[in-house]
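Data first, discussion second: the structure below is written as structure tokens.
Protein chains: 2
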Amino acid sequence: MPKVETFDRKQVLQNATEVFHKKGYNGTSMQDLVDATNLNRSSIYNSFGSKLSMFMEVLSYYQSSGKAEMGKELAHSHNALDTMKLIFEMYLNDILDDKDRKGCLIVNCKSEMANQEPLIKSFMEQNQEQSIAMLEDVVHNGQMEKIFNEDQTANQYALYLYSSIQGLRMTGILNNNEEELRNLINTVLKVLY
Amino acid sequence: MPKVETFDRKQVLQNATEVFHKKGYNGTSMQDLVDATNLNRSSIYNSFGSKLSMFMEVLSYYQSSGKAEMGKELAHSHNALDTMKLIFEMYLNDILDDKDRKGCLIVNCKSEMANQEPLIKSFMEQNQEQSIAMLEDVVHNGQMEKIFNEDQTANQYALYLYSSIQGLRMTGILNNNEEELRNLINTVLKVLY
DNA sequence: TTAATTTTGAAACGATCATTTCATTAAGAT
DNA sequence: ATCTTAATGAAATGATCGTTTCAAAATTAA
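Here the protein sequences come in this chain order: R and D. Its first residue numbered 326, the first sequence is counted upward by one per residue in this note's numbering. Its first residue numbered 326, the second sequence is counted upward by one per residue in this note's numbering.
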């Protein structure tokens, strides 16, 4: 066995994520990626195949990073309401920390490409399914604990919450007033209990 | 006075809107616009200046069309709850009729360009301001009529509704199940009364 | 009819697009 | 040391990008 991949693939993906996130898929050029990753143009094609397949890998990386971070954050919460508040708190912090006002990579990509690129559409469908399943689980627990009402099924509430999160991400692009956003989140969650 | 503008500017804008809506700004080429408008490349530049300024005009046209349609729809409603339901009903119909699953041009553009193009950012800020003012007015009326509660100020509820609408538009890109969306809308509105 | 002005067509602009090619350099395995 | 494979660099691919140019055709007011 000869020379093995020497560059840090994770670091490269992080750098690529940053550009795609800031400029969008169509707004990002291969030159942008060469500059951001400090990788050779040939190396990008050797290691990632094409702009689109590199982007798909970026999306997966972004998704699993988010999931990991969320899992860590929720590890020590055993109350469904606290869990739900923590979830929204994470998105809020993401908005408040986002100096470039880029919004959410996945939401942005859905709006840019879901109706154009079948691979993206599939990714978004499974992302939606997973997100709703996760939210449904939390709501279901809350309903078992009698913390959340049963006016709607857990699945119905999960779709509502999923939609609210997308709305929050969109709103956060232009509005980063912490007080207003916190109030908005409280209003979203109020219907649950 | 010699030759006057012969083509139908409104029709041209409608055709251009269709392409921009389907492909996004960065995904739309000048050739796409030439094909869609049946206008000469030179004529486009003579009449609209540049791709970006044509897009700005498309955005304004889309916005004012939506406002006009909404005004007509709401003309005969004098109950704040009915008005609010009609507003959401309009967005729902837009989703159900959207065969290409394009979502909302304005929401898409906000996610694609608000952080990159100052002209777009300004447009989106005034669009948000107007939308919230309109919603605030309806909520305020409902609160006067004692139909809506006063747990939050009309302005706070307006931001919540504005955010919910953006979420609905994003959700509608992949989900066009009428029953689920209707249920989602009911959940959104329930907090108001 | 003439003068004014716009639309049109076609070509060209230089820049940039995503991708490919290939010879050179580098490094682990035998 | 040598074989094997990967990373690199630089150049080139052909296509397409947004925009400009300009002469010819078209239209209307004077």
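Idealized CB from N, CA, C, for every residue including glycine.
Assuming residue i contacts residue j under a Cβ cut-off of 8 Å, what Cβ separation, rounded to an integer in Å, is found between them?
| i | j | result |
| --- | --- | --- |
| R/A439 | D/I490 | That pair is no contact at about 19 Å. |
| R/Y487 | R/L460 | 6 Å |
| R/Y518 | R/F448 | Not confirmed; about 33 Å, so no contact. |
| R/T408 | R/L421 | Not really, about 20 Å apart at Cβ, beyond 8 Å. |
| D/L514 | D/K410 | 7 Å |
| R/K348 | D/Q441 | 7 Å |
For residue i, which of helix, strand or coil comes out of DSSP?
| i | result |
| --- | --- |
| D/T353 | coil |
| R/H346 | helix |
| R/D425 | coil |
| D/H401 | coil |
| R/E461 | helix |
| D/N363 | coil |
| R/E470 | coil |
| D/E475 | coil |
| R/Y518 | coil |
| D/F306 | The requested residue 306 of chain D does not occur in the structure, where chain D is confined to residues 326 to 518. |
What span of residues does the alpha helix (DSSP H) with residue i cover, start to end?
| i | result |
| --- | --- |
| D/I412 | A405 to D422 |
| D/A523 | Past the edges of chain D, shown from 326 to 518, lies residue 523 of chain D, and the structure says nothing about it. |
| D/S375 | It is not in any alpha helix (DSSP H) - D/S375 carries neither H nor E in the DSSP assignment. |
| R/T512 | E503 to K515 |
| D/N519 | It is not possible to answer for residue 519 of chain D, since the shown part of chain D is limited to 326 through 518. |
Alpha carbons only, please: which of the options is nearest the one belonging to residue i?
| i | options | result |
| --- | --- | --- |
| R/D357 | R/V513, R/K335 and R/F380 | R/F380 |
| R/Y485 | D/R494, D/N480 and D/N365 | D/R494 |
| D/H346 | D/H403, D/V432, D/S375 and D/F373 | D/V432 |
| R/L338 | R/S456, R/I412 and R/K376 | R/K376 |
| R/D419 | R/K435, R/E442, R/S436 and R/M395 | R/M395 |
| D/S402 | D/S367, D/K446, D/I445 and D/V463 | D/V463 |
| R/I412 | R/S372, R/R426 and R/I457 | R/I457 |
| D/L477 | D/G492, D/E503, D/Q451 and D/V516 | Per the sequence shown, residue 477 of chain D should be read as Gln rather than Leu. Checking every option, the nearest Cα to that of D/Q477 belongs to D/V516. |
| R/T342 | R/K471, R/K392, R/T362 and R/V383 | R/V383 |
| R/A483 | R/Q388, R/K446, R/E505 and R/E454 | R/E454 |
| R/E437 | D/E450, D/C429 and D/T362 | D/C429 |
| R/N404 | R/F332, R/Y350, R/E470 and R/P443 | R/E470 |
| D/T512 | R/G391, R/N480, R/Q451 and R/D360 | R/N480 |
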